[in-house]
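Below is one structure, written out as structure tokens; comments come after it.
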Amino acid sequence: MNQMLRLGVNIDHVATIRNARGGDHPDPMRAVRIVEAAGGDGITVHLREDRRHIRDTDLDAIMAQAQLPVNLEMAATEEMLAIALRHKPHAACIVPERREERTTEGGLDAAGQHNHLAPIVTRLLDAGIRVSLFIEPEAQQIEAAMRLRAPVVEFHTGRYAHLVLDNDGPGVERELKRVGDAAALAAKNGIEPHAGHGLTFENVQPIAAIPQLAELNIGHYLVGEAIFIGLEESVRRMRTLMDAAR
Ligand code: PXP
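Right, dumping it as structure tokens:
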């Protein structure tokens, strides 16, 4: 068996449903407890600039009460940096963020934004936070992550997920090779590779089979599936599929 593949569960969309009515149900903290009971390895939250799902008070509660390591996805802004430094989560994943987008639509341009990212990465690392950069699976971006001294990169699997939906067999193979090659290159250079975005029960296994990957972060599908089978079963089933792929 290859090394253990961790599952980080992104619970943002529990908050999306709560926010649709403005009350306090469903409570993201309850989701944290279920993920813990179901065998998740980490809790991931994306505090967006517009607070459309997780809010500051959610982050306060999660940081105070979660037993699992917390991975804070954040834009590279002074506001988010201050929040991360105040909370000191286990990990921070720097993501590109534009207010108008529905979700994180492409990887961070770590190469093009070196000068902007460098002081932010350094301050997070100095605070003992494991920094990850959410990038496309490309050599140029991995090399940029190395120059930034990021210990972790997370490869954006959105393109792979779209190709699977389109039934584009050759495209899927090409994209899997891109993620696999990128994972090997990162690992060879001492960077821990992760992956995430758009992963589902149907498409997770070929990604989970890439031996260098150490963690997958999965959110929207798990919360969506929870409507039908419950969050605990949703997380358990994903865990089982990931383990079987290794
Ligand atoms: N990883 C990162 C860095 C993300 O920004 C997100 C959410 O956009 C995910 C993983 C999870 O993606 P999904 O909700 O599609 O599973």
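Read in order, the letters of the sequence shown are residues 124 to 369 in our numbering.
Ideal placement from N, C-alpha and C gives every residue a C-beta, glycine not left out.
Handout entry: N-terminal and C-terminal residue of the alpha helix (DSSP H) that Ala-161 is part of
Key = 151-161
Handout entry: Closer than 6 Å: Asn-340 CB and nearest the ligand PXP heavy atom
Key = yes
Practice task
From the DSSP output, in three-state form, read off His-136 for me.
Solution key: helix
Handout entry: Sequence-distant residues of its chain with Cβ nearer than 6 Å to Ala-332 (five each side left out)
Key = Ala-368
Problem - Status (buried if at least 16 other CB within 10 Å, exposed otherwise) for Ser-357 - result: buried
Exercise for the section: Compare the beta carbon distance of Ile-352 and Leu-322 with 7 Å and say whether it is the shorter of the two. Expected result: no
Practice task
Could you check how far apart the C-beta atoms of Ala-198 and Glu-228 are, in whole angstroms? I think they sit under 8 Å.
Solution key: Not confirmed; about 13 Å, so no contact.
Problem - Backbone secondary structure at Gly-89 - three-state DSSP - result: With the chain represented from 124 up to 369, any question about residue 89 goes unanswered, as that position is not in the structure.
Handout entry: Cβ-heavy atom distance, Asn-290 to the ligand PXP, below 6 Å
Key = no
Handout entry: Through-space distance from Ala-161 to Gly-281, alpha-carbon basis
Key = 25 Å
Problem - Assumed close pair Val-137, Val-346 - CB separation to whole angstroms, cut-off 8 Å - result: 6 Å
Problem - Beta-carbon contacts of Ala-306 that lie in its chain and below 6 Å, excluding the five residues immediately before and after - result: Pro-316, Ile-333, Gln-335 and Leu-336
Practice task
Verify whether the separation of the beta carbon atoms of Gly-230 and Phe-257 is less than 7 Å.
Solution key: yes
Exercise for the section: Could you name the residues of the same chain whose beta carbon sits closer than 6 Å to that of Tyr-344, not counting the 5 residues immediately before and after it, in chain order? Expected result: Thr-323
Practice task
Return the chain-ordered list of same chain residues with a C-beta closer than 7 Å to the C-beta of Met-124, the five sequence neighbours on each side being excluded.
Solution key: Because the pLDDT at Met-124 is just 44, under 50, the model does not fix this residue reliably, and the value given afterwards should be weighed accordingly. The residues are Arg-369.
Practice task
Rounded to whole angstroms, what's the CA-CA distance from Ala-284 to Glu-348? Just pull it up for me.
Solution key: 16 Å
Handout entry: His-213 versus Ala-205, Asn-194 and Gly-146, residue with shortest Cα-Cα distance
Key = Asn-194
Problem - Neighbour flag for His-148 against chain D, beta carbons, 7 Å - result: Looking for chain D here will not work: only one protein chain is present.
Handout entry: Straight-line Cα distance separating Met-203 from Leu-354
Key = 29 Å
Exercise for the section: State yes or no: is the C-beta of Gly-131 within less than 7 Å of the C-beta of Glu-325? Expected result: no
Practice task
Select from Arg-209, Thr-200, His-210 and Leu-308 the residue whose C-alpha is nearest the C-alpha of Ala-241.
Solution key: Thr-200
Exercise for the section: Could you please give the first and the last residue of the uninterrupted beta strand (DSSP E) stretch that includes Phe-324? Expected result: Premise fails: Phe-324 is in no beta strand (DSSP E) and is neither H nor E.
Exercise for the section: Check whether the Cβ atoms of Val-155 and Ala-189 sit closer than 7 Å, and answer yes or no. Expected result: yes
Problem - Under the three-state DSSP convention, the category Leu-319 falls into - result: Residue identity check: residue 319 is Gly in the sequence provided, not Leu. Three-state DSSP puts Gly-319 in a strand.
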